[in-house]
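Numbering (our numbering), first residue to last: 45 to 504.
We treat Cβ as the ideally placed atom computed from N, Cα and C, and that holds for glycine.
Please read all numbers here as calculations on a predicted model, not as lab measurements.
Everything below concerns the one structure shown next.
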(Lines of atoms letter the chains of each structure in order from A; the text may use other names.)
(Lines give C-alpha, C1' and ligand atoms only; values in the text may rest on other atoms or scores of the structure.)
Protein backbone atom coordinates (compact mmCIF):
# COMPACT_ATOMS: atom_id res chain seq x y z
CA UNK A 45 0.00 0.00 0.00
CA UNK A 46 1.11 3.53 -0.68
CA UNK A 47 1.60 5.99 2.18
CA UNK A 48 -1.50 7.97 3.14
CA UNK A 49 -2.33 10.71 0.65
CA UNK A 50 0.54 9.87 -1.68
CA UNK A 51 -0.05 10.16 -5.42
CA UNK A 52 1.59 7.47 -7.48
CA UNK A 53 3.31 8.24 -10.78
CA UNK A 54 1.43 7.76 -14.02
CA UNK A 55 1.27 4.08 -14.95
CA UNK A 56 -0.05 2.38 -18.06
CA UNK A 57 -1.50 -1.14 -18.03
CA UNK A 58 -2.03 -3.03 -21.27
CA UNK A 59 -4.08 -6.06 -20.30
CA UNK A 60 -7.24 -5.98 -22.37
CA UNK A 61 -8.70 -9.41 -23.12
CA UNK A 62 -10.99 -10.11 -26.07
CA UNK A 63 -13.94 -12.46 -26.04
CA UNK A 64 -13.33 -15.29 -28.54
CA UNK A 65 -16.74 -15.04 -30.15
CA UNK A 66 -16.20 -11.36 -30.76
CA UNK A 67 -12.77 -12.11 -32.24
CA UNK A 68 -14.30 -14.61 -34.64
CA UNK A 69 -16.84 -12.01 -35.72
CA UNK A 70 -14.11 -9.41 -36.21
CA UNK A 71 -12.03 -11.81 -38.30
CA UNK A 72 -15.05 -12.66 -40.43
CA UNK A 73 -15.43 -8.95 -41.12
CA UNK A 74 -11.70 -8.49 -41.84
CA UNK A 75 -11.60 -6.37 -38.73
CA UNK A 76 -9.34 -7.33 -35.82
CA UNK A 77 -9.13 -5.61 -32.44
CA UNK A 78 -5.65 -4.17 -31.99
CA UNK A 79 -5.57 -3.96 -28.21
CA UNK A 80 -5.71 -1.03 -25.86
CA UNK A 81 -4.49 0.24 -22.53
CA UNK A 82 -5.47 1.75 -19.18
CA UNK A 83 -3.48 4.72 -17.95
CA UNK A 84 -3.76 5.59 -14.26
CA UNK A 85 -2.93 9.28 -14.21
CA UNK A 86 -3.66 10.10 -10.58
CA UNK A 87 -4.26 7.59 -7.80
CA UNK A 88 -4.05 8.00 -4.01
CA UNK A 89 -4.43 5.55 -1.13
CA UNK A 90 -5.05 5.89 2.60
CA UNK A 91 -3.57 2.64 3.77
CA UNK A 92 -5.26 0.06 1.57
CA UNK A 93 -8.22 2.30 0.78
CA UNK A 94 -8.33 4.00 -2.60
CA UNK A 95 -9.14 7.66 -1.96
CA UNK A 96 -8.56 9.21 -5.36
CA UNK A 97 -8.55 7.83 -8.89
CA UNK A 98 -8.00 9.48 -12.23
CA UNK A 99 -7.68 7.10 -15.16
CA UNK A 100 -8.26 6.89 -18.88
CA UNK A 101 -8.55 3.86 -21.11
CA UNK A 102 -8.22 3.42 -24.84
CA UNK A 103 -9.69 0.52 -26.82
CA UNK A 104 -8.50 0.08 -30.38
CA UNK A 105 -10.06 -1.85 -33.22
CA UNK A 106 -12.08 -1.73 -36.44
CA UNK A 107 -10.72 1.48 -37.84
CA UNK A 108 -11.12 3.58 -34.74
CA UNK A 109 -10.70 3.77 -31.01
CA UNK A 110 -12.80 4.75 -28.04
CA UNK A 111 -11.32 6.71 -25.17
CA UNK A 112 -13.06 7.05 -21.83
CA UNK A 113 -12.08 8.93 -18.71
CA UNK A 114 -13.49 8.73 -15.22
CA UNK A 115 -12.34 10.81 -12.26
CA UNK A 116 -13.57 9.89 -8.81
CA UNK A 117 -12.44 11.11 -5.39
CA UNK A 118 -13.09 8.88 -2.35
CA UNK A 119 -13.91 5.66 -4.14
CA UNK A 120 -14.18 2.20 -2.52
CA UNK A 121 -11.12 -0.11 -2.67
CA UNK A 122 -12.91 -2.36 -5.16
CA UNK A 123 -13.80 -1.96 -7.89
CA UNK A 124 -11.50 0.84 -9.03
CA UNK A 125 -13.46 1.53 -12.22
CA UNK A 126 -17.19 1.59 -11.61
CA UNK A 127 -18.78 2.13 -14.99
CA UNK A 128 -19.43 0.05 -18.09
CA UNK A 129 -18.64 1.61 -21.44
CA UNK A 130 -20.52 0.86 -24.64
CA UNK A 131 -19.14 1.94 -27.97
CA UNK A 132 -19.24 1.29 -31.72
CA UNK A 133 -16.90 0.18 -34.46
CA UNK A 134 -16.12 2.52 -37.32
CA UNK A 135 -15.91 2.69 -41.11
CA UNK A 136 -19.35 1.21 -41.56
CA UNK A 137 -22.80 2.45 -42.44
CA UNK A 138 -24.16 5.14 -40.12
CA UNK A 139 -27.36 4.69 -38.16
CA UNK A 140 -29.15 6.21 -35.17
CA UNK A 141 -29.01 4.86 -31.63
CA UNK A 142 -30.56 5.57 -28.27
CA UNK A 143 -28.27 6.71 -25.48
CA UNK A 144 -26.46 4.35 -23.13
CA UNK A 145 -26.90 5.07 -19.42
CA UNK A 146 -23.94 4.60 -17.05
CA UNK A 147 -24.64 4.29 -13.32
CA UNK A 148 -21.95 5.64 -10.97
CA UNK A 149 -22.04 4.90 -7.23
CA UNK A 150 -20.01 6.46 -4.42
CA UNK A 151 -19.65 3.54 -2.02
CA UNK A 152 -17.19 5.46 0.14
CA UNK A 153 -17.94 6.91 3.54
CA UNK A 154 -17.69 10.60 2.65
CA UNK A 155 -18.84 12.94 -0.10
CA UNK A 156 -16.73 12.78 -3.26
CA UNK A 157 -15.89 15.67 -5.59
CA UNK A 158 -15.98 14.20 -9.09
CA UNK A 159 -16.30 14.70 -12.81
CA UNK A 160 -17.06 12.26 -15.61
CA UNK A 161 -15.93 12.59 -19.20
CA UNK A 162 -16.58 10.20 -22.06
CA UNK A 163 -15.43 11.07 -25.57
CA UNK A 164 -15.03 9.24 -28.86
CA UNK A 165 -12.39 8.56 -31.47
CA UNK A 166 -14.48 10.88 -33.63
CA UNK A 167 -15.16 13.73 -31.22
CA UNK A 168 -18.48 14.48 -32.90
CA UNK A 169 -19.78 10.91 -32.77
CA UNK A 170 -20.01 10.62 -28.97
CA UNK A 171 -21.61 13.15 -26.64
CA UNK A 172 -23.07 13.27 -23.13
CA UNK A 173 -26.78 14.07 -23.36
CA UNK A 174 -27.61 13.72 -19.64
CA UNK A 175 -25.46 14.09 -16.53
CA UNK A 176 -27.01 14.03 -13.06
CA UNK A 177 -23.66 13.75 -11.26
CA UNK A 178 -22.81 17.40 -10.85
CA UNK A 179 -19.51 18.29 -9.17
CA UNK A 180 -19.88 16.06 -6.09
CA UNK A 181 -21.48 12.80 -5.02
CA UNK A 182 -22.47 12.08 -1.42
CA UNK A 183 -21.58 8.92 0.48
CA UNK A 184 -23.76 6.06 -0.74
CA UNK A 185 -25.33 8.21 -3.46
CA UNK A 186 -25.52 7.35 -7.12
CA UNK A 187 -25.82 9.35 -10.31
CA UNK A 188 -26.05 8.57 -14.00
CA UNK A 189 -24.63 9.75 -17.29
CA UNK A 190 -26.22 9.12 -20.68
CA UNK A 191 -23.88 8.92 -23.67
CA UNK A 192 -25.28 9.18 -27.19
CA UNK A 193 -23.40 8.26 -30.30
CA UNK A 194 -23.77 7.80 -34.04
CA UNK A 195 -22.78 4.17 -34.61
CA UNK A 196 -21.27 2.75 -37.75
CA UNK A 197 -22.85 -0.57 -38.56
CA UNK A 198 -24.59 -2.90 -40.96
CA UNK A 199 -28.22 -4.03 -40.82
CA UNK A 200 -28.27 -6.31 -37.76
CA UNK A 201 -26.35 -8.14 -35.05
CA UNK A 202 -23.68 -7.23 -32.52
CA UNK A 203 -20.68 -8.69 -30.71
CA UNK A 204 -18.82 -7.74 -27.54
CA UNK A 205 -15.34 -7.68 -26.04
CA UNK A 206 -14.37 -7.63 -22.38
CA UNK A 207 -12.14 -5.00 -20.83
CA UNK A 208 -10.16 -6.29 -17.85
CA UNK A 209 -8.37 -3.76 -15.64
CA UNK A 210 -5.81 -4.75 -13.01
CA UNK A 211 -3.76 -2.01 -11.34
CA UNK A 212 -2.12 -4.24 -8.74
CA UNK A 213 -4.84 -3.70 -6.12
CA UNK A 214 -7.41 -6.04 -7.64
CA UNK A 215 -9.09 -6.44 -10.98
CA UNK A 216 -12.44 -5.64 -12.52
CA UNK A 217 -13.84 -6.90 -15.83
CA UNK A 218 -16.46 -4.89 -17.70
CA UNK A 219 -18.17 -5.53 -21.01
CA UNK A 220 -17.32 -3.20 -23.86
CA UNK A 221 -19.75 -3.75 -26.69
CA UNK A 222 -18.32 -3.37 -30.18
CA UNK A 223 -21.08 -3.13 -32.77
CA UNK A 224 -19.88 -4.69 -36.01
CA UNK A 225 -23.39 -4.07 -37.32
CA UNK A 226 -26.44 -2.05 -36.39
CA UNK A 227 -29.19 -3.74 -34.31
CA UNK A 228 -32.60 -3.75 -35.99
CA UNK A 229 -34.14 -2.30 -32.82
CA UNK A 230 -32.48 1.07 -33.34
CA UNK A 231 -35.09 3.46 -34.64
CA UNK A 232 -34.75 6.83 -36.28
CA UNK A 233 -35.93 9.59 -33.94
CA UNK A 234 -38.42 11.92 -35.60
CA UNK A 235 -37.79 15.44 -34.45
CA UNK A 236 -40.14 18.37 -34.03
CA UNK A 237 -39.56 21.81 -35.55
CA UNK A 238 -38.14 22.90 -32.19
CA UNK A 239 -35.37 20.31 -32.44
CA UNK A 240 -33.56 22.02 -35.31
CA UNK A 241 -33.37 25.78 -35.58
CA UNK A 242 -30.22 26.37 -37.62
CA UNK A 243 -26.95 24.76 -38.58
CA UNK A 244 -24.74 23.55 -41.38
CA UNK A 245 -21.82 21.32 -42.31
CA UNK A 246 -18.49 22.39 -43.81
CA UNK A 247 -16.54 19.94 -45.98
CA UNK A 248 -12.77 19.83 -46.45
CA UNK A 249 -11.02 18.42 -49.51
CA UNK A 250 -9.80 15.40 -47.51
CA UNK A 251 -13.38 14.40 -46.65
CA UNK A 252 -13.44 15.82 -43.11
CA UNK A 253 -16.87 17.16 -42.15
CA UNK A 254 -17.34 19.88 -39.51
CA UNK A 255 -20.78 20.48 -37.98
CA UNK A 256 -22.17 23.75 -36.64
CA UNK A 257 -25.36 24.64 -34.80
CA UNK A 258 -27.98 21.89 -34.81
CA UNK A 259 -26.27 19.94 -37.59
CA UNK A 260 -25.14 16.56 -36.26
CA UNK A 261 -21.83 15.10 -37.38
CA UNK A 262 -22.51 11.77 -39.07
CA UNK A 263 -19.07 10.74 -40.19
CA UNK A 264 -16.24 11.85 -42.44
CA UNK A 265 -15.91 10.54 -45.98
CA UNK A 266 -13.38 8.02 -47.29
CA UNK A 267 -12.59 9.22 -50.81
CA UNK A 268 -11.00 8.10 -54.07
CA UNK A 269 -10.25 11.70 -55.04
CA UNK A 270 -10.60 15.11 -53.44
CA UNK A 271 -14.00 15.94 -51.97
CA UNK A 272 -16.13 17.99 -54.35
CA UNK A 273 -19.47 18.60 -52.61
CA UNK A 274 -21.59 17.85 -49.55
CA UNK A 275 -25.33 17.52 -50.17
CA UNK A 276 -27.74 17.21 -47.20
CA UNK A 277 -30.74 14.92 -47.43
CA UNK A 278 -34.07 16.77 -47.60
CA UNK A 279 -34.81 15.65 -44.02
CA UNK A 280 -31.66 17.37 -42.74
CA UNK A 281 -30.68 14.15 -40.95
CA UNK A 282 -27.98 12.96 -43.27
CA UNK A 283 -25.75 13.92 -46.16
CA UNK A 284 -23.91 12.63 -49.20
CA UNK A 285 -20.29 13.49 -49.94
CA UNK A 286 -19.18 13.51 -53.59
CA UNK A 287 -15.54 13.33 -54.63
CA UNK A 288 -13.73 14.31 -57.81
CA UNK A 289 -13.77 10.69 -59.02
CA UNK A 290 -17.57 10.68 -58.91
CA UNK A 291 -17.80 8.31 -55.95
CA UNK A 292 -20.48 8.93 -53.33
CA UNK A 293 -20.39 8.21 -49.59
CA UNK A 294 -23.62 8.28 -47.60
CA UNK A 295 -24.09 9.33 -43.98
CA UNK A 296 -27.03 9.42 -41.57
CA UNK A 297 -30.30 8.73 -43.39
CA UNK A 298 -28.73 9.22 -46.83
CA UNK A 299 -28.99 6.12 -49.04
CA UNK A 300 -26.58 5.13 -51.80
CA UNK A 301 -28.14 4.95 -55.27
CA UNK A 302 -25.03 4.78 -57.41
CA UNK A 303 -21.90 6.60 -58.48
CA UNK A 304 -19.61 6.91 -61.49
CA UNK A 305 -18.08 3.63 -62.57
CA UNK A 306 -14.57 3.22 -64.02
CA UNK A 307 -16.14 3.08 -67.50
CA UNK A 308 -18.06 6.31 -66.78
CA UNK A 309 -14.82 8.03 -65.81
CA UNK A 310 -13.05 6.66 -68.87
CA UNK A 311 -15.77 8.19 -71.05
CA UNK A 312 -15.21 11.75 -69.82
CA UNK A 313 -13.69 14.22 -72.26
CA UNK A 314 -10.13 15.51 -71.76
CA UNK A 315 -10.23 18.08 -68.96
CA UNK A 316 -13.79 17.16 -67.95
CA UNK A 317 -14.19 16.71 -64.19
CA UNK A 318 -16.93 15.90 -61.70
CA UNK A 319 -18.00 19.16 -60.08
CA UNK A 320 -21.29 18.96 -58.19
CA UNK A 321 -24.29 16.94 -57.06
CA UNK A 322 -27.97 17.68 -56.40
CA UNK A 323 -30.59 15.54 -54.64
CA UNK A 324 -34.26 15.02 -55.39
CA UNK A 325 -36.81 16.19 -52.76
CA UNK A 326 -37.72 12.58 -51.95
CA UNK A 327 -34.09 11.81 -50.95
CA UNK A 328 -34.44 8.73 -53.18
CA UNK A 329 -32.10 9.91 -55.90
CA UNK A 330 -29.60 12.47 -57.13
CA UNK A 331 -27.78 13.86 -60.14
CA UNK A 332 -24.00 14.18 -60.55
CA UNK A 333 -22.74 16.95 -62.85
CA UNK A 334 -19.45 17.52 -64.66
CA UNK A 335 -17.65 20.67 -65.78
CA UNK A 336 -18.79 19.92 -69.35
CA UNK A 337 -22.46 19.82 -68.38
CA UNK A 338 -22.75 16.05 -68.48
CA UNK A 339 -25.44 14.69 -66.14
CA UNK A 340 -25.50 11.27 -64.46
CA UNK A 341 -28.77 10.37 -62.76
CA UNK A 342 -29.37 7.82 -60.01
CA UNK A 343 -32.40 6.58 -58.05
CA UNK A 344 -35.58 8.51 -58.81
CA UNK A 345 -33.78 11.49 -60.37
CA UNK A 346 -35.58 12.14 -63.68
CA UNK A 347 -33.91 12.70 -67.03
CA UNK A 348 -33.30 16.44 -67.47
CA UNK A 349 -30.94 16.52 -70.45
CA UNK A 350 -27.36 17.78 -70.58
CA UNK A 351 -25.14 20.41 -72.22
CA UNK A 352 -22.87 18.15 -74.26
CA UNK A 353 -24.14 19.51 -77.59
CA UNK A 354 -23.45 23.13 -76.60
CA UNK A 355 -20.24 25.05 -77.17
CA UNK A 356 -19.81 26.33 -73.62
CA UNK A 357 -17.91 29.58 -73.15
CA UNK A 358 -16.96 28.59 -69.59
CA UNK A 359 -17.04 25.34 -67.66
CA UNK A 360 -19.91 24.36 -65.37
CA UNK A 361 -18.96 25.01 -61.74
CA UNK A 362 -22.15 24.32 -59.75
CA UNK A 363 -25.62 22.80 -60.03
CA UNK A 364 -28.70 22.67 -57.84
CA UNK A 365 -32.17 21.13 -57.83
CA UNK A 366 -35.18 23.19 -58.84
CA UNK A 367 -37.78 23.70 -56.07
CA UNK A 368 -40.07 21.03 -57.56
CA UNK A 369 -37.33 18.45 -57.88
CA UNK A 370 -38.20 17.85 -61.53
CA UNK A 371 -35.35 19.96 -62.85
CA UNK A 372 -32.03 21.55 -62.07
CA UNK A 373 -29.96 24.65 -62.70
CA UNK A 374 -26.38 24.50 -63.93
CA UNK A 375 -24.08 27.49 -63.46
CA UNK A 376 -21.01 28.25 -65.57
CA UNK A 377 -18.02 30.21 -64.31
CA UNK A 378 -18.94 33.19 -66.52
CA UNK A 379 -22.35 33.48 -64.84
CA UNK A 380 -24.23 31.61 -67.54
CA UNK A 381 -27.29 29.74 -66.26
CA UNK A 382 -28.80 26.65 -67.84
CA UNK A 383 -32.32 25.67 -66.72
CA UNK A 384 -32.94 21.95 -67.13
CA UNK A 385 -36.19 20.02 -66.80
CA UNK A 386 -38.90 22.22 -65.27
CA UNK A 387 -36.42 24.76 -63.88
CA UNK A 388 -37.47 28.30 -64.79
CA UNK A 389 -34.88 30.51 -66.48
CA UNK A 390 -34.80 33.99 -64.90
CA UNK A 391 -31.66 35.45 -66.43
CA UNK A 392 -27.88 35.21 -66.32
CA UNK A 393 -24.86 37.44 -65.77
CA UNK A 394 -23.90 37.56 -69.48
CA UNK A 395 -27.51 38.47 -70.22
CA UNK A 396 -27.51 41.55 -67.96
CA UNK A 397 -23.84 42.43 -68.46
CA UNK A 398 -23.19 41.51 -72.11
CA UNK A 399 -19.54 41.60 -73.04
CA UNK A 400 -18.45 42.39 -69.47
CA UNK A 401 -15.85 40.10 -67.93
CA UNK A 402 -16.39 39.61 -64.22
CA UNK A 403 -13.56 40.41 -61.81
CA UNK A 404 -14.02 36.94 -60.30
CA UNK A 405 -15.74 33.82 -61.66
CA UNK A 406 -19.16 32.83 -60.40
CA UNK A 407 -19.05 29.80 -58.11
CA UNK A 408 -22.53 29.04 -56.75
CA UNK A 409 -26.25 29.19 -57.49
CA UNK A 410 -29.24 28.87 -55.13
CA UNK A 411 -32.90 28.86 -56.26
CA UNK A 412 -35.44 31.13 -54.61
CA UNK A 413 -37.84 28.78 -52.73
CA UNK A 414 -40.87 30.13 -54.63
CA UNK A 415 -39.38 28.84 -57.89
CA UNK A 416 -39.41 32.20 -59.64
CA UNK A 417 -35.70 32.99 -59.57
CA UNK A 418 -32.30 32.39 -58.02
CA UNK A 419 -29.17 33.93 -56.55
CA UNK A 420 -25.65 33.65 -57.97
CA UNK A 421 -22.42 34.34 -56.07
CA UNK A 422 -18.97 35.19 -57.40
CA UNK A 423 -15.64 34.26 -55.80
CA UNK A 424 -15.32 37.76 -54.31
CA UNK A 425 -18.65 37.33 -52.49
CA UNK A 426 -20.64 39.51 -54.85
CA UNK A 427 -24.24 38.31 -55.23
CA UNK A 428 -26.53 38.65 -58.26
CA UNK A 429 -30.29 38.29 -57.65
CA UNK A 430 -32.50 37.18 -60.54
CA UNK A 431 -36.21 37.53 -59.70
CA UNK A 432 -35.27 36.77 -56.08
CA UNK A 433 -35.05 39.22 -53.15
CA UNK A 434 -31.52 40.54 -52.68
CA UNK A 435 -30.29 39.63 -49.17
CA UNK A 436 -26.84 41.18 -49.28
CA UNK A 437 -23.28 40.40 -50.32
CA UNK A 438 -19.76 40.49 -48.89
CA UNK A 439 -18.67 43.62 -50.83
CA UNK A 440 -21.80 45.39 -49.54
CA UNK A 441 -21.09 44.66 -45.87
CA UNK A 442 -17.28 44.78 -46.15
CA UNK A 443 -16.65 47.45 -48.79
CA UNK A 444 -13.07 47.53 -50.03
CA UNK A 445 -12.09 44.43 -48.05
CA UNK A 446 -10.43 41.61 -49.98
CA UNK A 447 -11.15 38.17 -48.57
CA UNK A 448 -8.24 36.04 -47.37
CA UNK A 449 -9.52 33.19 -49.54
CA UNK A 450 -12.15 33.18 -52.30
CA UNK A 451 -15.76 32.18 -51.82
CA UNK A 452 -16.36 28.76 -53.34
CA UNK A 453 -19.83 27.77 -52.20
CA UNK A 454 -23.40 29.00 -51.76
CA UNK A 455 -26.40 27.15 -50.30
CA UNK A 456 -30.00 28.06 -49.36
CA UNK A 457 -30.51 29.05 -45.73
CA UNK A 458 -33.71 30.35 -44.16
CA UNK A 459 -35.06 33.16 -46.32
CA UNK A 460 -31.70 33.68 -48.00
CA UNK A 461 -28.34 32.03 -48.39
CA UNK A 462 -25.02 31.06 -46.81
CA UNK A 463 -21.63 31.61 -48.43
CA UNK A 464 -18.42 29.76 -47.61
CA UNK A 465 -14.82 30.61 -48.47
CA UNK A 466 -11.91 28.24 -49.00
CA UNK A 467 -10.51 29.04 -45.54
CA UNK A 468 -13.78 27.93 -43.92
CA UNK A 469 -15.14 31.41 -43.33
CA UNK A 470 -18.96 31.39 -43.47
CA UNK A 471 -21.15 34.38 -44.29
CA UNK A 472 -24.84 34.42 -43.40
CA UNK A 473 -27.38 36.42 -45.39
CA UNK A 474 -30.65 35.10 -43.99
CA UNK A 475 -33.06 35.24 -41.06
CA UNK A 476 -31.40 32.25 -39.33
CA UNK A 477 -28.63 32.29 -36.74
CA UNK A 478 -24.96 32.33 -37.64
CA UNK A 479 -23.53 29.22 -35.97
CA UNK A 480 -19.80 29.67 -36.49
CA UNK A 481 -17.14 28.83 -39.05
CA UNK A 482 -13.58 27.59 -39.52
CA UNK A 483 -12.28 31.02 -40.44
CA UNK A 484 -9.04 32.14 -38.81
CA UNK A 485 -7.80 28.60 -38.16
CA UNK A 486 -5.23 28.43 -40.94
CA UNK A 487 -7.34 26.10 -43.09
CA UNK A 488 -7.12 26.35 -46.87
CA UNK A 489 -9.06 23.30 -47.99
CA UNK A 490 -12.80 23.85 -47.46
CA UNK A 491 -14.66 22.90 -50.63
CA UNK A 492 -18.33 22.96 -49.67
CA UNK A 493 -21.12 23.78 -47.27
CA UNK A 494 -24.44 22.04 -46.63
CA UNK A 495 -27.38 23.42 -44.60
CA UNK A 496 -29.39 21.39 -42.12
CA UNK A 497 -33.12 21.54 -42.81
CA UNK A 498 -34.98 23.56 -40.18
CA UNK A 499 -37.63 21.37 -38.57
CA UNK A 500 -36.13 18.27 -40.16
CA UNK A 501 -35.48 16.53 -36.84
CA UNK A 502 -32.30 15.00 -35.52
CA UNK A 503 -30.63 11.83 -34.25
CA UNK A 504 -31.51 11.23 -30.63
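Counted as a single uninterrupted DSSP element, the beta strand (DSSP E) harbouring residue 491 occupies residues 490–495.
Put simply, of 289, 421, 242 and 417 the residue whose alpha carbon is nearest the alpha carbon of residue 402 is 421. Considering only 382, 295 and 479, the residue with the shortest C-alpha distance to residue 256 is 479.
In the structure shown, the three-state DSSP call for residue 307 is helix. At least 8 Å separates the beta-carbon of residue 263 from that of residue 281. Where residue 486 is concerned, there is no enclosing alpha helix (DSSP H), because DSSP gives it neither an H nor an E. In this structure, DSSP gives residue 395 a helical state, which the three-state scheme calls helix. For residue 420, the enclosing beta strand (DSSP E) starts and ends at 418–422. Assignment of residue 339 by DSSP, reduced to helix, strand and coil, places it in the strand class. In the DSSP annotation of this structure, the continuous segment of the alpha helix (DSSP H) that includes residue 441 starts and ends at 438–441.
The segment 297–311 and the segment 341–357 touch, with no fewer than 3 CB-CB distances between them shorter than 8 Å. Assignment of residue 281 by DSSP, reduced to helix, strand and coil, places it in the coil class. Taking all protein chains in view, the Cβ of residue 440 is surrounded by fewer than 16 other Cβ atoms within 10 Å, so the residue is classified as exposed.
Beta-bridge analysis with DSSP links residue 177 to no other residue. Your pair residue 304 and residue 289 checks out as a contact, with CB atoms roughly 7 Å apart and the cut at 8 Å. Residue burial annotation: residue 399 is exposed, with fewer than 16 other C-beta atoms found within 10 angstroms of its C-beta. Beyond the five residues adjoining it in sequence on each side, residue 442 comes within less than 6 Å, by CB distance, of no other residue in the same chain. If you check the CB distance, residue 465 and residue 451 come in under 8 Å. Contact check for residue 369 against residue 384 fails: the beta carbons are separated by 8 Å or more.
Per DSSP, the unbroken beta strand (DSSP E) holding residue 456 starts and ends at 451–457. In this structure residue 360 is not in contact with residue 326, their Cβ atoms being roughly 24 Å apart against a cut-off of 8 Å.
According to DSSP, residue pairing for residue 472 in a beta bridge involves 462. In the three-state reduction of the DSSP assignment, residue 380 falls in the coil class. Assignment of residue 334 by DSSP, reduced to helix, strand and coil, places it in the strand class.
About 5 Å separates the beta carbon of residue 374 from that of residue 363, a gap short enough to meet the 8 Å contact definition. Taking C-alpha positions only, residue 292 is separated from residue 271 by approximately 10 Å.
Annotation for residue 478: no beta strand (DSSP E) segment contains it, and DSSP assigns it neither H nor E. Contact annotation: residue 412 and residue 418 have beta-carbon atoms nearer than 8 Å.
Here DSSP, grouped into helix, strand and coil, assigns residue 388 to coil.
Apart from sequence neighbours up to five positions away, the residues of its chain that approach residue 437 with a beta-carbon distance below 7 Å are 425, 426 and 427, ordered along the chain.
Annotation: the continuous beta strand (DSSP E) that includes residue 246 extends over 243–248. The three-state reading of DSSP puts residue 262 in coil, since its state is none of H, G, I, E or B. Contact between residue 493 and residue 467 is absent: CB atoms are separated by about 13 Å, not below the 8 Å threshold.
The DSSP-derived three-state label of residue 317 is coil.
Nearest neighbour of residue 405 by Cα position, chosen from 416, 415 and 393, turns out to be 393. Between residue 435 and residue 474, the C-beta gap is smaller than 8 Å, which places the two residues in contact.
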